[in-house]
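To convert, note that position 185 of the sequence shown is 187 in the numbering used here; the numbers rise steadily by one, no gaps. For every residue, glycine included, the Cβ atom is placed at its ideal position computed from N, Cα and C. Encoded as structure tokens, the structure appears first; notes follow it.
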Amino acid sequence: MNFLIPNNNTSKISVFIIWLFHLCGMAGISYGNKEFFLAFTPINLFISFVLLFVNQKQLESKELKAAFLIFFIGMISEILGVKYGLIFGDYVYLDNLGVKILGVPVLIGVNWIILTFITGSLSSRVFKNKYISVLTGALLMIVLDLLIEPVAPLLGFWIFDSPVAPLQNYIGWFVIGIITQIIFQLKIIEKEYTFSTHLLIVNAIFFAFLNYKIV
Numbered sequence: 003m004n005f006l007i008p009n010n011n012t013s014k015i016s017v018f019i020i021w022l023f024h025l026c027g028m029a030g031i032s033y034g035n036k037e038f039f040l041a042f043t044p045i046n047l048f049i050s051f052v053l054l055f056v057n058q059k060q061l062e063s064k065e066l067k068a069a070f071l072i073f074f075i076g077m078i079s080e081i082l083g084v085k086y087g088l089i090f091g092d093y094v095y096l097d098n099l100g101v102k103i104l105g106v107p108v109l110i111g112v113n114w115i116i117l118t119f120i121t122g123s124l125s126s127r128v129f130k131n132k133y134i135s136v137l138t139g140a141l142l143m144i145v146l147d148l149l150i151e152p153v154a155p156l157l158g159f160w161i162f163d164s165p166v167a168p169l170q171n172y173i174g175w176f177v178i179g180i181i182t183q184i185i186f187q188l189k190i191i192e193k194e195y196t197f198s199t200h201l202l203i204v205n206a207i208f209f210a211f212l213n214y215k216i217v
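Set out below in structure tokens:
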């Protein structure tokens with residue numbers, strides 16, 4: 003587990019920032035002014051995205067193209083979901099995630115990049131076999147979604163037309179997750195583990211805590 007220990011100033015500062023932001027968010031949403039802290043959700047997502055790429059071991063055209071492709075796939079799949087009920091089911095995005103394209107917040111596409119990178123990094127660290135890494139990464143994405151879905155309507159993120167997210171949503175996540183994980187495993191050769199794993203852990207803790215406190 004030594005890979006969890008930041009070994010340079012950039013990593014140390016980045017890890018500190020994401021833990022600080024998420025812990026403050028947990029406290030603020032649960033015990034303080036919920037609407038005030040939720041207004042910072044887009045900023046928190048954007049900062050997480052920037053820090054994720056600042057910490058990448060290699061950031062050249064191939065890596066940027068892979069990230070853009072994941073963004074594009076995520077956005078198209080979400081647009082199909084919002085407009086036609088395909089892939090994930092019938093749902094709409096609410097207003098706390100910022101600017102939208104065809105009903106889908108741009109930050110959702112960014113979030114597909116973040117989730118793919120952080121789950122893919124950990125799975126590739128644990129499993130050297132790329133097929134297993136792809137499968138594990140997609141399953142980890144579903145685990146995160148399972149934690150997010152119950153609180154998403156309460157946080158003003160999105161809402162399904164059914165009381166809970168349907169099975170179709172998780173099947174859709176798995177299918178799209180497999181595709182984005184394949185891109186990540188094939189195109190991101192020099193993988194970064196420390197910051198990515200911290201971001202994965204802090205997100206899991208953040209949403210698990212909110213499930214306990216506000217659902």
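inquiry  = For a minimum of 3 consecutive residues, which ranges assigned as the beta strand (DSSP E) are wholly contained in the region 92 to 161?
reply    = Fully enclosed beta strand (DSSP E) runs of 3 or longer: 93 to 95.
- Query: Just how far apart, CA to CA, sit Glu37 and Gly30?
  - Reply: By one-based count along the sequence shown, residue 37 stands at place 35. By one-based count along the sequence shown, residue 30 stands at place 28. Their backbone Cα atoms lie some 9 angstroms apart in a straight line.
Subject >> Close-in-space but distant-in-sequence residues of the same chain around Leu99 (CB under 7 angstroms, 5 per side omitted) >> reply: What you label residue 99 is simply residue 97 of the sequence shown in a count that begins at 1. In its chain, beyond the 5 residues on either side, Thr43, Pro44, Pro107, Leu109, Ile110 and Phe159 have a beta carbon closer than 7 angstroms to the beta carbon of Leu99.
| field | Of the listed residues Ser164, Ile181 and Leu212, nearest to Ile78 (C-alpha basis) | value | Looking up residue 78 in the sequence shown gives position 76. Answer by Cα proximity: Ile181.
For this session: Taking only the alpha-carbon atoms, compute the straight-line gap between Val177 and Pro152 and give it to the nearest angstrom.
Result: Here residue 177 refers to the residue found at position 175 of the sequence shown. Here residue 152 refers to the residue found at position 150 of the sequence shown. Each residue's alpha carbon lies about 21 angstroms from the other.
Exercise. Measure the alpha-carbon distance for Gln60 versus Lys193 and round it to whole angstroms.
Key: Mapped onto the sequence shown, residue 60 falls at position 58. Mapped onto the sequence shown, residue 193 falls at position 191. Whole-angstrom Cα-Cα distance: 8 angstroms.
Here's the rule I'm using: 16 or more other beta-carbon atoms within 10 Å means buried, otherwise exposed. How should Met28 be labelled? Stepping through the sequence shown from its first residue, residue 28 is reached at position 26. Counting Cβ neighbours within 10 Å, Met28 comes out buried, since at least 16 surround it.
Please list the terminal residues of the continuous alpha helix (DSSP H) segment that includes Ala69.
Here the question's residue 69 lines up with position 67 in the sequence shown. Note, Ala69: alpha helix (DSSP H), Ser63 to Tyr86.
- Determine the burial state of Ile134: buried for a count of at least 16 other Cβ atoms within 10 Å of its Cβ, exposed for fewer. Taking the sequence shown and counting its residues from 1, the one referred to as residue 134 is at position 132. It counts as exposed.
For this session: Go through its chain and collect everything with a Cβ distance to Leu142's Cβ below 8 angstroms, but skip five positions before and after it.
Result: On the sequence shown, position 140 is the one that residue 142 refers to. Cβ within range, chain order: Thr121, Leu124, Ser125 and Leu202.
- Message: Among the candidates Leu148, Ser198 and Gly105, whose CA atom is the shortest distance from the CA of Phe5?
- Response: Along the sequence shown, read from residue 1 onward, the residue named residue 5 stands at position 3. For Phe5, the nearest C-alpha among the options comes from Ser198.
Exercise. Entirely within the region 177 to 204 and at least 4 residues each: give me those alpha helix (DSSP H) ranges in chain order.
Key: As far as the region 177 to 204 is concerned, it has no whole alpha helix (DSSP H) run of at least 4 residues.
Q.
Does Asp97 pass the burial test, meaning 16 or more other C-beta atoms within 10 Å, or should it be called exposed?
A. Mapped onto the sequence shown, residue 97 falls at position 95. The residue is exposed, with fewer than 16 neighbouring Cβ atoms inside 10 Å.
Discussion item. Could you tell me the alpha carbon to alpha carbon distance between Ile7 and Asn57, rounded to whole angstroms?
Written reply: Mapped onto the sequence shown, residue 7 falls at position 5. Mapped onto the sequence shown, residue 57 falls at position 55. Going from the Cα of Ile7 to the Cα of Asn57 covers about 14 angstroms.
task = Identify, in the order they occur along the chain, each residue of the same chain with its Cβ nearer than 6 angstroms to the Cβ of Lys14, setting aside the five sequence neighbours on each side.
result = Residue numbering aside, residue 14 sits at position 12 when the sequence shown is read from its first letter. Taken in chain order, the residues that qualify are Pro8.
**Request:** Could you name the residues of the same chain whose beta carbon sits closer than 6 angstroms to that of Phe90, not counting the 5 residues immediately before and after it, in chain order?
**Result:** The residue labelled residue 90 in the question sits at position 88 within the sequence shown. Correct list, in chain order: Gly83, Asn171 and Gly174.
Spatial neighbours of Glu80 within its chain, please: CB distance less than 6 angstroms, with the 5 preceding and 5 following residues excluded, ordered by chain position. On the sequence shown, residue 80 is found 78 positions in, with the first residue counted as 1. Once the five neighbours on either side are set aside, the close Cβ partners of Glu80 are Val106 and Ile110.
Rounded straight-line distance, which links the Cα of Val128 to that of Val94 = Counting from one through the sequence shown, the residue named residue 94 turns up at place 92. Counting from one through the sequence shown, the residue named residue 128 turns up at place 126. As the crow flies, the alpha-carbon of Val94 is around 36 angstroms from that of Val128.
Straight-line CA distance for Thr138 to Lys130?
In the sequence shown, counting from the first residue as 1, residue 138 sits at position 136. In the sequence shown, counting from the first residue as 1, residue 130 sits at position 128. Computed Cα separation, rounded: 11 angstroms.
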